[in-house]
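S.K.: Here you go, one structure.
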Amino acid sequence: MMKRRWLLGVATALMVLLLTACSSGSSAQKTSKGPVTITFWHRMTGNYNKALEGYIKTFNSSQKQYKVVATSQGSYDNLQKKYLASAKSKTLPTIGQVTDTIIPEYVHDGMLVNIDKQVKSQFSAAELKSIYPGIATNLKYHGDYYQIPFATGTRLMFYNKDILEKYHLTVPKTWEELAKIGQQLKGDGITGVAFNKSYDFEFETLAYDVGNRLITPR
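Just so you know, the sequence shown maps onto residues -28 to -1, 1 to 190 in mature numbering (1 follows the signal peptide of the UniProt record, and there is no 0).
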């Protein structure tokens, strides 16, 4: 009997769910007397993990065909290390949370299952179209689905209303407008914009958005 491995993943800053990886072994196991056991690795902690465990408990109680067993790895770094090690030993989990930016690498390494047919058969065209465009774009690689939506994060910018009113400025709606305001305020010794120290991922994204490349393509 051919065994198939599904890895359900989630992407980061925009977190996404993905189904993945085939190998000769399989962590999705079924006995003649019990349900299929689906192992799920993720990085959720605290209240997020508590909420996820609640969903899993509800799902497990709703049917007898599958049993999801979830394990938090604490961080994406830990997940990445465990996935790579498990791929070598052919012990990948059934499903797992990942960042969508790692999908090309995992596809090239043969760790992911192409789920294009499954997605299109399980979801209507209207349902797929209802997914937020920014997320929907990242669900595919070379035109095929390798992920399904799971969770996403939103970045917010706060502005100082008093300073804008003092200098008769309007709230910027584009990066160009923000840069222009920053230059105006800089003349009076005011910092135009400040970012959190852990903003490296967003800086990389912004660089790519304007056509810059941090790494020379092969």
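The C-beta atom is built at its ideal place from N, Cα and C for all residues, glycine as well. Just so we're clear, the structure is a prediction, and the values are computed from it rather than from any experiment.
Just the C-alpha distance for GLN35 and PRO65, rounded to the nearest angstrom, thanks.
M.R.: For GLN35 and PRO65, the distance between alpha carbons rounds to 21 Å.
S.K.: Tell me the residue span of the alpha helix (DSSP H) that contains GLY18.
M.R.: Run containing GLY18: 18 to 34, per the alpha helix (DSSP H) assignment.
S.K.: Could you have a look at GLN52 and say whether DSSP puts it in helix, strand or coil?
M.R.: Looking at GLN52 - three-state DSSP - the assignment turns out to be helix.
S.K.: State the beta-bridge partners of GLN90 as determined by DSSP.
M.R.: Per DSSP, none; premise fails for GLN90.
S.K.: Can you tell me whether SER(-5) is buried or exposed? The criterion is at least 16 other CB atoms within 10 Å of its CB, across all chains shown.
M.R.: Bear in mind that a pLDDT of 37 at SER(-5), under 50, signals an unreliable position, so the number given afterwards is only what the model happens to contain. Exposed, by the Cβ-count rule.
S.K.: So what does GLN37 bridge to, in DSSP terms?
M.R.: Answer by DSSP bridge pairing: none, since GLN37 is not bridged.
S.K.: Given ASN21, which residues of its chain have a CB within under 7 Å of its CB, disregarding the five upstream and five downstream residues?
M.R.: Answer for ASN21: SER44, listed in chain order.
S.K.: In angstroms with no decimal places, state the Cα-to-Cα distance between LYS62 and VAL85.
M.R.: Roughly 14 Å between the two C-alpha positions.
S.K.: Can we say the region 10 to 29 touches the region 47 to 61, given the rule of at least three CB pairs closer than 8 Å?
M.R.: In short, these stretches touch, since the Cβ pair count reaches three.
S.K.: Among the residues of its own chain, which have a CB less than 8 Å from the CB of PRO76, if the five just before and after it don't count?
M.R.: Excluding positions up to five away in sequence, the list reads TYR113.
S.K.: For the candidate residues ALA123, VAL79, LEU100, whose alpha-carbon lies nearest to that of GLN69?
M.R.: Nearest C-alpha to GLN69: ALA123.
S.K.: The beta strand (DSSP E) with HIS14 in it runs from where to where?
M.R.: Where HIS14 is concerned, the enclosing beta strand (DSSP E) stretches over 8 to 14.
S.K.: Assuming the contact rule is C-beta atoms closer than 8 Å, ILE10 and ILE67 should be a hit. Round their C-beta distance to whole Å, please.
M.R.: Between ILE67 and ILE10 the Cβ distance is about 6 Å, and since that is below 8 Å, they are a contact.
S.K.: Look at the alpha carbon of PHE175 and the alpha carbon of ASN168, and state the distance between them as a whole number of angstroms.
M.R.: In a straight line, the C-alpha of PHE175 is about 11 Å away from that of ASN168.
S.K.: Reducing DSSP to helix, strand and coil, say where GLN45 ends up.
M.R.: It is coil, neither helix nor strand.
S.K.: Classify ILE153 as helix, strand or coil using the three-state DSSP reduction.
M.R.: Helix at ILE153.
S.K.: Just grab the DSSP bridge partners of TYR113 for me.
M.R.: DSSP lists ASP116 as partners of TYR113.
S.K.: Classify ILE105 as helix, strand or coil using the three-state DSSP reduction.
M.R.: A small correction: the amino acid at residue 105 is Pro; Ile does not occupy that position in the sequence shown. Helix.
S.K.: Using the Cβ count rule (16 or more neighbours within 10 Å means buried), how would you classify LEU24?
M.R.: By the neighbour-count rule (16 or more Cβ atoms within 10 Å), LEU24 is buried.
S.K.: Using only the heavy atoms of the ligand FMN, determine whether one of them is closer than 7 Å to the beta carbon of PRO144.
M.R.: Among the ligands in the structure shown, none appear at all, so the ligand FMN cannot be discussed.
S.K.: Pick from THR30, GLY115, GLY154: whose alpha carbon is nearest that of THR146?
M.R.: For THR146, the nearest C-alpha among the options comes from GLY154.
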